[in-house]
Amino acid sequence: MNALFYGIALNRDEKAVNAAMNVFLRMAGETETFHNFKLYSEFSLSGFGNLDFVITAENQLGETIVFFIEAKASARKRYNLKEEECRHEEYIKDHTKYAVGHSSNLFFQLKEKFLLLKYGPNNNSRIKIIDRRRKLGGNEIVCKFYKDIKSDWQNSRYIAVIPKQEDYQENPVSMAFKNGDDSCEFDIHLIYWEDIKENDILKGYVVPTLDYNEAKKSQILNNHRKGDKREHQSA
């Protein structure tokens, strides 16, 4: 993700930047054309978890849309989205199963960002959101970020960049859960690394990184099959 978005951000050609960002968002199902992009990356939102990337952009009506993006890689074994989803479904039943390390679960991570927009920072309240009293905290940079991205939560978007899945995969993936009597639901739109690698506009930003990791027995793409001896070799 760093190679993709930092590469785009460092491009001095504004038209090229807008073109690349719109291609990426179209992969996530967007049909509008956006401009005035802002990119935020890799910092903590305290009780609402960490983030990979957030994009804000304006549509043709002048509305600011927020895109939360999480990226996953194969890490020398196949990344299975359905397994991730099942683990999170088990977790939200009682918020204890798979609790250790569950903060890196894709569904958990994007759910936290949804909760931040829907319920706000919760800094001056003792209200429990689902399973605990979450709050954003008073860090100056984080508060400025929240002010920048605060918008109509129903107009926010959630994107996962993952390795292509072997079996049929619904896209987008709907996520629904309860906060007390309050029903919560949002969609996660999937973009595959393999499709980014093949895209004429985006591939130039990521191919060197993907090829390097492929030479190191693949830590990004899902190009290993069960029983592939390379899975067990060190990078």
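Using numbering that gives the first Met the number 0, you'd call the opening residue of the sequence shown number 0 and step up by one each time.
Here a beta-carbon is modelled for each residue, glycine too, at the ideal position from N, C-alpha and C.
Quick check on this structure: which residue in the options has the alpha carbon closest to the alpha carbon of residue i?
i      : options                       : result
Trp84  : Ser40, Lys76, Ile68, Ser103   : Note that residue 84 corresponds to Glu in the displayed sequence, not to Trp. Ranking Ser40, Lys76, Ile68, Ser103 by Cα distance to Glu84 puts Ser103 first.
Leu38  : Tyr118, Leu209, Ile68         : Ile68
Asp147 : Asn17, Phe66, Arg125, Arg133  : Phe66
Leu109 : Asp199, Glu213, Ala70         : Ala70
Leu114 : Glu213, Arg25, Ser45          : Ser45
Thr116 : Phe47, Lys14, Gly136, Ile126  : Strictly speaking, residue 116 in this sequence is Leu, with Thr absent from that position. Among Phe47, Lys14, Gly136, Ile126, the Cα nearest to that of Leu116 is on Phe47.
Lys112 : Cys183, Ala74, Tyr90          : Cys183
Asn49  : Asp93, His101, Ala72, Tyr211  : His101
Ala27  : His94, Ile54, Lys96, Ser124   : Ile54
Asp93  : Phe176, Thr63, Leu209, Gln168 : Phe176
Trp152 : Thr63, Lys134, Ala15, Arg125  : Thr63
Spell out the partners DSSP gives residue i in its beta bridges.
i      : result
Ala72  : In DSSP, Ala72 forms no bridge with anything.
Phe66  : Ile54, Arg156
Arg125 : Answer by DSSP bridge pairing: none, since Arg125 is not bridged.
Ser45  : DSSP, once it has assigned bridges, lists no residue as partnering Ser45.
Leu38  : Ile54
Arg238 : In the structure as shown, the chain begins at 0 and stops at 234. Residue 238 is therefore absent and cannot be evaluated.
Leaving out five residues before and five after residue i in sequence, what residues of the same chain have Cβ atoms less than 6 Å from its Cβ?
i      : result
Ile129 : Asn178
Tyr118 : Ile128
Asn170 : Leu189
Lys239 : No information on residue 239 is available, as it lies outside the stretch 0 to 234 that the chain covers here.
In chain order, what residues of the same chain have a beta carbon less than 7 Å from the beta carbon of residue i, not counting five sequence neighbours either side?
i      : result
Phe106 : Glu83, Glu84, His87, Met174
Leu80  : Ile161, Gln164, Gln168
Lys14  : none
Which same chain residues end up closer than 8 Å to residue i when comparing Cβ atoms and leaving out the 5 residues on each side of it in sequence?
i      : result
Ile140 : Phe42
Ile200 : Ala18, Ala19, Val22
Lys225 : Confidence at Lys225 is low in this model, with a pLDDT of 49, below 50, so its placement is unreliable and the value that follows should be read with caution. Answer for Lys225: Arg77, listed in chain order.
Ala98  : Tyr90
Val16  : Ile7, Ala8, Asn10, Phe36
Quiz item: With a cut-off of 8 Å, do at least 3 Cβ pairs link the segment 152-162 to the segment 180-198?
Solution: Touching, per the Cβ criterion.
Quiz item: Which ranges does the beta strand (DSSP E) cover as unbroken runs of at least 3 residues, wholly within the segment 161-190, from first to last along the chain?
Solution: Qualifying beta strand (DSSP E) stretches, in chain order: 172-178.
Practice problem: Pick out the complete beta strand (DSSP E) segments inside the segment 84-118, 3 residues or longer, and give them in chain order. | Solution: Here no run is fully enclosed.
Practice problem: Would you check if the segment 25-38 and the segment 48-62 touch, i.e. whether three or more CB-CB distances between them fall below 8 Å? | Solution: Taking a cut-off of 8 Å for Cβ pairs, the segment 48-62 and the segment 25-38 touch, as three or more such pairs fall below it.
Exercise. State whether the segment 193-207 contacts the segment 160-168, with contact taken as three or more CB pairs (one from each stretch) at a distance under 8 Å.
Key: Enough Cβ pairs lie closer than 8 Å, so yes.
Exercise. Could you tell me whether the segment 195-204 touches the segment 0-17, using the rule of 3 or more Cβ pairs below 8 Å?
Key: Between the segment 195-204 and the segment 0-17 there are three or more inter-stretch CB-CB distances shorter than 8 Å, so the stretches are counted as touching.
Quiz item: Is it true that the segment 39-52 meets the segment 16-29, where meeting means three or more beta-carbon pairs spaced less than 8 Å apart?
Solution: Taking a cut-off of 8 Å on C-beta distances, the segment 39-52 does not touch the segment 16-29, as fewer than three cross pairs fall below it.
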